[in-house]
Amino acid sequence: MFDFLAYTFMQRAFMAGIIAAILCPTIGVYLVLRRLSMIGEMFAHVSLAGVALGIFTGIYPLVSALGLSLLAAALLEALRRTYRMFADLAIAIMISAGISLAVILISLSRAFNADLFSYLFGSVIAITANDLKLVAAVGAVVLALVILLRKELFYIAFDEEAARAAGIPVDLVNSLFVAATALTIAVSMRVVGILLVSSLITVPVAAALQVGRSFRQTVFLSYVYALVAVLSGLFISYHADLAPGGSIVMVCIILFVVSIGIRKVAGIGGRHRVEAEFAGCVEG
Amino acid sequence: MHEPILELSHVSFSYGAKIVLDDINLTIESGDFLGIVGPNGSGKSTLLKILMGLLRPSAGTVKLFGIERHLFRQWTRVGYVAQNVTAFNHGFPATVEEAVMSGLTAALGIFKRPGRPERQMVEDALENAGVCDLKTRMVGELSGGQQQRVFIARALVSRPQLLILDEPTVGVDVDAQERFYELLTTLRKEQGITLLMVSHDIGVVTEQVQSVACLNKKLYFHGSPAEFWSGDTLSRLYGSKARVLHHAH
Ligand SMILES: Nc1ncnc2c1ncn2[C@@H]1O[C@H](COP(=O)(O)OP(=O)(O)OP(=O)(O)O)[C@@H](O)[C@H]1O
Ligand SMILES: [Mg+2]
């Protein structure tokens, strides 16, 4: 049943998948908690434009996707600083820019082919040794950065104004984080696919939020969910001959629904909150 | 001993064309407990944000601990609890301990992880704020008053010498308020913390503080509570309805 692991391409797919499963929730937990999930969608669209640019110009698509994503990260920061109150609008504009650029480039290069589809829906067979090297190197950088900044990221996600008042260099940390997000999506899309990569960023975190009883627990659970989803998704996709993006994200969704079930059964959340308020009154 | 901890000279601020603070001069000495009162929209929160470096004054200078605001870097010496602090994302999965620990982020710096001494500091801050028993609870699931105390604990955890509080007793019941003022007194007397507090509860505030500042775009009054009640500050500040407002409390 696990004989497929003898194939080098499957080994690569699993390695790249595991890297994505670690990176996506690492970034996702802060994006979701800051209600910035759409940034994931934005970088996915920009990555598509990057891939299209690669196909059009003959540059290695993963590299052009990484480059264009970083450029978009810088642009987003500039836009967000100019229109502080309209962060969501800045994101919407960048999504439009990304997708329209992608459509133009794809049309120009007449690239509606298997190569493009492997980027859109993810692929287990298309990941080259070079892809894996790049994914691993970029992944290591992103992971190191986020681990280094995790106290700061937590503080900013929880209470940005207080973090600022405490003297944390909030703008710098935010810029680094947006860049880390851009890189995460560009390297994760190879396995999961551009259309579904932002789901791997948000859904495992959303599921972990249902049952996590602390930040630590939530982060830990989101890793568990993402790994389970990627490993079983790749397994299913190999045996059923499906593009991996669909099965991976479908497993995420199932885990999310199960988590809601656990929450309901265990009575975590809503009811406790009312009790807490009541207890506060009596105590007070 | 009584060196100035905060000095504002000729501080003005405006949002666009709207002048919010006009030529404020105010000095707070170490060990003082200053209460700032004033009507809604009088610029109290704005003033605190300027002190905390969140807003830049359009004119004038601010000194903290004798250092000019834009050169000041020792933010761990200042604790701040904002007005809307309990309006955070209540679905955020942070325990009380995690939330309070975040108050040590700046003190730890980028490379250091919290260890035993930091956990002890969190313990002490929880104790001080009277929320030890809530340590492992999620902040979003606490009552408003409990949350308020958690954020006070977060402000206390880095052992600041100056504590700045923006309407900390809103939504806190009378009993808890009493305990809260006891806590402030202890902090001031035993740990020598200088306090700066905004409140609408003029009656209660003037009982608790050592000096009162009345703000409404300009600084109308700065002196002892006794002087405050003996003058006509209240009616100058709030207009003729001031009596009604006072009786309401
Ligand atoms: N972000 C902002 N943009 C524009 N104007 C603002 C902004 N924040 C506050 N103001 C204005 O500045 C003035 C002072 O506001 P501030 O929050 O300092 O008042 P306050 O004294 O704290 O009031 P309250 O008692 O209601 O808390 C108000 O008139 C308000 O409308
Ligand atoms: Mg205010």
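As they're listed, the protein sequences go chains A and B. Heads up: the first sequence begins at 1 in our numbering, then just goes up one per residue. Heads up: the second sequence begins at 1001 in our numbering, then just goes up one per residue. Don't be surprised by glycine CBs; every beta carbon is placed ideally from N, CA and C.
So which of the options has the shortest CA-CA distance to residue i?
{"i": "A/Leu120", "options": "A/Ala243, A/Val257 and A/Leu89", "result": "A/Ala243"}
{"i": "B/Ala1210", "options": "B/Gly1035, B/Gln1161, B/Ile1024 and B/Cys1132", "result": "Note on residue identity: the sequence assigns Gln, not Ala, to residue 1210 of chain B. Out of B/Gly1035, B/Gln1161, B/Ile1024 and B/Cys1132, B/Gly1035 has the C-alpha closest to the C-alpha of B/Gln1210."}
{"i": "A/Leu227", "options": "A/Gly17, A/Phe4, A/Tyr7 and A/Asp3", "result": "A/Gly17"}
{"i": "A/Cys252", "options": "A/Met10, A/Cys24, A/Phe14 and A/Met38", "result": "A/Cys24"}
{"i": "A/Val205", "options": "A/Lys151, A/Ala266, A/Leu143 and A/Val32", "result": "A/Val32"}
{"i": "B/Gly1109", "options": "A/Thr57, A/Thr128, A/Phe86 and A/Ile168", "result": "A/Ile168"}
{"i": "B/Leu1071", "options": "B/Val1085, B/Arg1056 and B/Ala1082", "result": "B/Arg1056"}
{"i": "B/Pro1004", "options": "B/Ala1017, B/Glu1029, B/Asp1023 and B/Val1020", "result": "B/Glu1029"}
{"i": "A/Ala49", "options": "A/Val178, A/Gly267 and A/Ser109", "result": "A/Ser109"}
{"i": "A/Phe177", "options": "A/Lys264, A/Ala97, A/Ile27 and A/Ala6", "result": "A/Ile27"}
{"i": "A/Ile248", "options": "A/Val197, A/Met15 and A/Thr8", "result": "A/Val197"}
{"i": "A/Ala186", "options": "A/Ala20, A/Ala157 and A/Val146", "result": "A/Ala20"}
{"i": "A/Met287", "options": "A/Leu143, A/Val265 and A/Ala240", "result": "The requested residue 287 of chain A does not occur in the structure, where chain A is confined to residues 1 to 284."}
{"i": "B/Val1150", "options": "B/Glu1190, B/Phe1088 and B/Thr1194", "result": "B/Phe1088"}
{"i": "A/Ser175", "options": "A/Val230, A/Leu145 and A/Ile194", "result": "A/Leu145"}
{"i": "B/Val1081", "options": "B/Gln1147, B/Phe1111, B/Glu1227 and B/Gly1041", "result": "B/Gln1147"}
{"i": "A/Ile229", "options": "A/Ile260, A/Val192, A/Gly212 and A/Gln217", "result": "Rather than Ile, the amino acid found at residue 229 of chain A in this sequence is Ala. Selected option, being the one with the closest Cα: A/Val192."}
{"i": "B/Gly1145", "options": "B/Thr1206, B/Leu1187 and B/Asp1173", "result": "B/Asp1173"}
{"i": "A/Leu183", "options": "A/Ala136, A/Val203 and A/Ala111", "result": "A/Ala136"}
{"i": "A/Phe154", "options": "A/Phe215, A/Ala179 and A/Ala97", "result": "A/Phe215"}
{"i": "A/Leu70", "options": "A/Glu160, A/Val142 and A/Val124", "result": "A/Val142"}
{"i": "B/Ser1014", "options": "B/Phe1033, B/Gly1038 and B/Leu1047", "result": "B/Leu1047"}
{"i": "A/Leu68", "options": "A/Phe43, A/Ala140 and A/Met85", "result": "A/Phe43"}
{"i": "B/Val1020", "options": "B/Ser1058, B/Leu1054 and B/Ser1009", "result": "B/Ser1058"}
{"i": "B/Lys1044", "options": "B/Leu1187, B/Gly1223, B/Leu1219 and B/Thr1233", "result": "B/Leu1219"}
{"i": "B/Ser1102", "options": "A/Asn113, A/Leu149 and A/Ser100", "result": "A/Leu149"}
{"i": "A/Lys264", "options": "A/Ala207, A/Gly246 and A/Ser232", "result": "A/Ala207"}
{"i": "B/Ile1050", "options": "B/Asn1040, B/Phe1228 and B/Leu1008", "result": "B/Leu1008"}
{"i": "B/Ile1202", "options": "B/Arg1188, B/Gln1191, B/Gly1192 and B/Ala1226", "result": "B/Ala1226"}
{"i": "A/Ser47", "options": "A/Gly267, A/Ser96, A/Glu160 and A/Leu209", "result": "A/Ser96"}
{"i": "B/Arg1154", "options": "B/Gly1130, B/Gln1177 and B/Val1170", "result": "B/Gly1130"}
If contacts are defined as beta-carbon pairs under 8 Å, then residue i and residue j qualify, I think. What distance do you get, rounded to the angstrom?
{"i": "B/Leu1165", "j": "B/Met1121", "result": "About 20 Å; that fails the 8 Å criterion."}
{"i": "A/Ile55", "j": "A/Asp131", "result": "Actually they are not in contact, since the Cβ atoms of A/Ile55 and A/Asp131 sit about 15 Å apart, beyond 8 Å."}
{"i": "A/Met94", "j": "A/Ala65", "result": "Not confirmed; about 15 Å, so no contact."}
{"i": "B/Leu1006", "j": "B/Ala1213", "result": "Between B/Ala1213 and B/Leu1006 the Cβ distance is about 11 Å, and since that is not below 8 Å, they are no contact."}
{"i": "B/Pro1168", "j": "B/Thr1076", "result": "In fact, because the Cβ distance is near 20 Å, the residues do not count as touching under 8 Å."}
{"i": "A/Ser237", "j": "A/Val29", "result": "That pair is no contact at about 26 Å."}
{"i": "A/Ala126", "j": "A/Ala52", "result": "The pair is not a contact, with the Cβ atoms about 16 Å apart (cut-off 8 Å)."}
{"i": "A/Leu105", "j": "A/Ala90", "result": "Contact flag wrong, Cβ pair sits at about 23 Å."}
{"i": "B/Leu1162", "j": "B/Val1078", "result": "5 Å"}
{"i": "A/Ala157", "j": "A/Arg34", "result": "5 Å"}
{"i": "B/Val984", "j": "B/Leu1104", "result": "Past the boundaries of the shown model lies residue 984 of chain B; chain B is included only from 1001 to 1249, so the question cannot be answered."}
Give the residues whose C-beta lies closer than 7 Å to at least one heavy atom of ligand 2, in chain order. Spelled out in chain order, the answer is B/Lys1044, B/Ser1045, B/Gln1083, B/Asp1166, B/Glu1167 and B/Val1198.
Which residues of the segment 1100-1112 of chain B have a Cβ closer than 8 Å to any Cβ of chain A? Give them in chain order. From the segment 1100-1112 of chain B, only Ser1102, Gly1103, Thr1105, Ala1106, Leu1108, Ile1110 and Phe1111 have a Cβ closer than 8 Å to chain A.
Looking at chain A, which residues of the segment 1013-1029 of chain B have a Cβ within less than 9 Å of any of its Cβ atoms? Across the segment 1013-1029 of chain B, no CB contact with chain A closer than 9 Å is found for any residue.
Residues of the segment 158-172 of chain A whose Cβ lies closer than 9 Å to any Cβ of chain B, in chain order: Considering only beta carbons, the part of the segment 158-172 of chain A lying closer than 9 Å to chain B consists of Phe158, Asp159, Glu161, Ala162, Ala163, Arg164, Ala165, Ala166, Gly167 and Ile168, in chain order.
Positions along the segment 206-237 of chain A whose CB lies within less than 7 Å of some CB in chain B: Residues of the segment 206-237 of chain A that bring their beta carbon within less than 7 Å of a beta carbon in chain B comprise Leu209, Gly212, Arg213, Ser214, Phe215 and Thr218, in sequence order.
Hey, which unbroken runs of the alpha helix (DSSP H) at 4 residues or more fall wholly within the segment 1135-1192 of chain B? Listed in chain order, the complete alpha helix (DSSP H) runs (minimum 4 residues) inside the segment 1135-1192 of chain B are 1144-1156 and 1174-1191.
Which residues, taken in chain order from the segment 46-65 of chain A, show a beta carbon closer than 9 Å to some beta carbon of chain B? Listed in sequence order: no entries.
Give the list of continuous alpha helix (DSSP H) stretches no shorter than 4 residues that lie fully inside the segment 24-110 of chain A. Counting only runs of 4 or more, we get 38-57, 61-82 and 87-108.
Members of the segment 1080-1091 of chain B near chain A, C-beta cut-off 9 Å: Under the 9 Å Cβ criterion, the segment 1080-1091 of chain B contributes Tyr1080, Val1081, Ala1082, Asn1084, Val1085, Phe1088, Asn1089, His1090 and Gly1091.
Tell me which residues of the segment 1056-1074 of chain B have at least one Cβ-Cβ distance to chain A shorter than 7 Å, keeping chain order. Residues passing the 7 Å Cβ filter: Arg1073.
With 8 Å as the limit, tell me which residues of the segment 133-152 of chain A have their beta carbon closer than that to any beta carbon of chain B; keep them in chain order. Listed in chain order, the positions of the segment 133-152 of chain A with a beta carbon within less than 8 Å of a beta carbon of chain B are Leu148, Leu149, Lys151 and Glu152.
Length-filtered (3 minimum) beta strand (DSSP E) runs lying within the segment 1005-1035 of chain B: Unbroken beta strand (DSSP E) runs of no fewer than 3 residues, entirely contained in the segment 1005-1035 of chain B, are found at 1018-1029, following chain order.
Given a limit of 9 Å on CB to CB distance, which residues of the segment 1026-1054 of chain B reach chain A? Correct list: Lys1049, Met1052, Gly1053 and Leu1054.
Report the residues of the segment 1138-1152 of chain B with a CB closer than 7 Å to any CB of chain A, ordered along the chain. Here the close residues are Met1138, Glu1141, Leu1142, Ser1143, Gly1145 and Gln1146.
Taking Cβ-Cβ distances below 8 Å as the criterion, which residues of the segment 28-42 of chain A are in contact with chain B? Here the close residues are Leu33 and Arg35.
Closer than 8 Å, Cβ to Cβ, to anything on chain A: give me those residues from the segment 1193-1225 of chain B, in chain order. Of all residues in the segment 1193-1225 of chain B, none has a Cβ within less than 8 Å of some Cβ in chain A.
Enumerate, from N- to C-terminal direction, the unbroken alpha helix (DSSP H) stretches of 4 or more residues contained entirely within the segment 1192-1238 of chain B. Note on the segment 1192-1238 of chain B: whole alpha helix (DSSP H) runs with a minimum of 4 residues are 1202-1208, 1225-1230 and 1233-1238, in chain order.
Considering only residues of the segment 133-166 of chain A, which uninterrupted beta strand (DSSP E) runs meet the minimum length of 3 residues and lie entirely inside it, listed in chain order? Here no run is fully enclosed.
Along the chain, which unbroken stretches of the beta strand (DSSP E) at least 3 residues long are found entirely within the segment 1057-1082 of chain B? For the segment 1057-1082 of chain B, whole beta strand (DSSP E) runs of length 3 or above, ordered along the chain, are 1059-1064 and 1078-1081.
Short of 8 Å Cβ to Cβ, which residues in the segment 1159-1172 of chain B face chain A? Residues passing the 8 Å Cβ filter: Val1172.
Output, in sequence order along the chain, the residues in the segment 78-95 of chain A whose CB is closer than 7 Å to any CB in chain B. In summary, no residue of the segment 78-95 of chain A has a CB separated from any CB of chain B by less than 7 Å.
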